[in-house]
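Student: If you scroll down you'll find the structure; I have some questions about it.
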Ligand SMILES: NC(=O)c1ccc[n+]([C@@H]2O[C@H](COP(=O)([O-])OP(=O)(O)OC[C@H]3O[C@@H](n4cnc5c(N)ncnc54)[C@H](O)[C@@H]3O)[C@@H](O)[C@H]2O)c1
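Residue numbers (our numbering): 75 to 316.
This is the structure:
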């Protein structure tokens, strides 16, 4: 199960998991994007279903899980990439903006974790990777609500890792640095972040991250071999010291 699998790093995570033989449920707010991603995987010989669900809507998530279990079986791997960004001066953030940010990025993660864990406990095996953000480690101006939501994602990941450690289920987070995805390009177009090429030059490895960089780390954390790694934040950020 990959949330936010219709675009950016979530889409590439779906592709890479499918390429190694996993059956993939692509969940996204956009039905078109989810179905397109699933169809592309099927065309390449993989198995995938695409479903529309808002991760902030618990009943929609529960319904999506029922459908995925019917079509693909119990959930063994969860990657939560669905997320919302927004840039706003701190004093201008409205209660509604705050609530929606927390609802999607943090409660949405909670909803999917809680819907997933019973399958993993029953099977005695599971791999969970949440996508947080390096901004929750460094801070980021005009993103207080986003940064707070992603700090919460790191926290729930660590708490759940400790709780599930004896059960064969690992829970880790990737706080990406600056990754060239549609989300970043939208922010660049609006002038909310500097030119992608400028940021690339300032990054220690001298390039922006790619969805492939994130997906490779996710696939590793979701492998059998990563079974001794849990409760960790794997910083895929091009070498920024945080
Ligand atoms: N791109 C970066 O530099 C960067 C850095 C740090 C963290 N992140 C995080 O990585 C994750 C993926 O971001 P991306 O850059 O691939 O962005 P993206 O916009 O390309 O993809 C995000 C996907 O999530 C889906 N989505 C949004 N809200 C949803 C909801 N309520 N329910 C279900 N699906 C929803 C969108 O439809 C989209 O397909 C996000 O959580 C983002 O906050 C991105």
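Think of the CB as a built atom: it goes at the ideal place given N, C-alpha and C, for glycine as much as any other residue.
Among the residues of its own chain, which have a CB less than 7 Å from the CB of residue 270, if the five just before and after it don't count?
Tutor: The residue given as residue 270 occupies position 196 in the chain shown. The residues are 254, 258, 262 and 282.
Student: Tell me the DSSP secondary structure of residue 125 in three-state form.
Tutor: For the purposes of this step, residue 125 is taken as residue 51 along the chain shown, with counting starting at 1. Looking at residue 125 - three-state DSSP - the assignment turns out to be strand.
Student: What does DSSP give as the partner residues of residue 373 in its beta bridges?
Tutor: The requested residue 373 does not occur in the structure, where the chain is confined to residues 75 to 316.
Student: Could you give the uninterrupted runs of the alpha helix (DSSP H) lying entirely in the region 157-240, keeping only those of 4 residues or more?
Tutor: 169-175, 182-197, 209-212 and 218-238
Student: Give the secondary structure of residue 258 by DSSP, where H, G and I count as helix, E and B as strand, and everything else as coil.
Tutor: Here the question's residue 258 lines up with position 184 in the chain shown. The answer is helix: DSSP assigns residue 258 an H, G or I state.
Student: Can you grab the Cα-Cα spacing for the pair residue 240 / residue 103, in whole Å?
Tutor: Within the chain shown, numbered from 1, the residue matching residue 240 stands at position 166. Within the chain shown, numbered from 1, the residue matching residue 103 stands at position 29. One C-alpha to the other measures close to 34 Å.
Student: Pop quiz: residue 48 and residue 130 are said to be a contact at Cβ under 8 Å. What is the actual Cβ separation, rounded to whole angstroms?
Tutor: Outside the shown range of the chain, which is 75 to 316, sits residue 48, and nothing can be said about it.
Student: Let me know if residue 252 comes out buried or exposed under the rule of 16 or more other beta-carbons within 10 Å of its beta-carbon.
Tutor: The sequence position of residue 252 within the chain shown is 178, counting from 1. Buried, because 16 or more other Cβ atoms sit within 10 Å of the Cβ of residue 252.
Student: Could you tell me which of 88, 150 and 212 sits nearest to residue 124, measuring between CA atoms?
Tutor: Taking the chain shown and counting its residues from 1, the one referred to as residue 124 is at position 50. Closest by alpha carbon: 88.
Student: Using DSSP bridges, identify the partner residues of residue 309.
Tutor: For the purposes of this step, residue 309 is taken as the residue at position 235 of the chain shown. Beta-bridge pairing links residue 309 to no other residue.
Student: Exposed or buried, what is residue 267 when buried is set at 16 or more other beta-carbons lying within 10 Å of its beta-carbon?
Tutor: Along the chain shown, read from residue 1 onward, the residue named residue 267 stands at position 193. Per the 10 Å Cβ criterion, buried.
Student: What is the DSSP secondary structure of residue 120, reduced to helix, strand or coil?
Tutor: Position 46 of the chain shown holds residue 120. Note: residue 120 maps to coil in three-state DSSP.
Student: Give me the Cβ distance between residue 247 and residue 156, rounded to the nearest whole Å; I'm assuming they're in contact under 8 Å.
Tutor: The residue you call residue 247 lines up with position 173 of the chain shown. The residue you call residue 156 lines up with position 82 of the chain shown. Wrong, their Cβ atoms sit about 14 Å apart, outside the cutoff.
Student: Less than 6 Å between C-beta atoms, sequence neighbours within five positions excluded: which residues of the same chain meet that for residue 225?
Tutor: Indexing the chain shown from 1 puts residue 225 at position 151. For residue 225, where only same-chain residues beyond five positions count, the Cβ hits under 6 Å are 210.
Student: In terms of residues, what are the limits of the beta strand (DSSP E) holding residue 99?
Tutor: By one-based count along the chain shown, residue 99 stands at place 25. Per DSSP, residue 99 belongs to the beta strand (DSSP E) from 98-102.
Student: Rounded to a whole number of angstroms, what is the C-alpha to C-alpha distance between residue 220 and residue 175?
Tutor: Within the chain shown, the letter at position 146 stands for residue 220. Within the chain shown, the letter at position 101 stands for residue 175. C-alpha separation (whole angstroms): 6 Å.
Student: Helix, strand or coil for residue 151 per DSSP?
Tutor: The residue labelled residue 151 in the question sits at position 77 within the chain shown. Three-state result, residue 151: strand.
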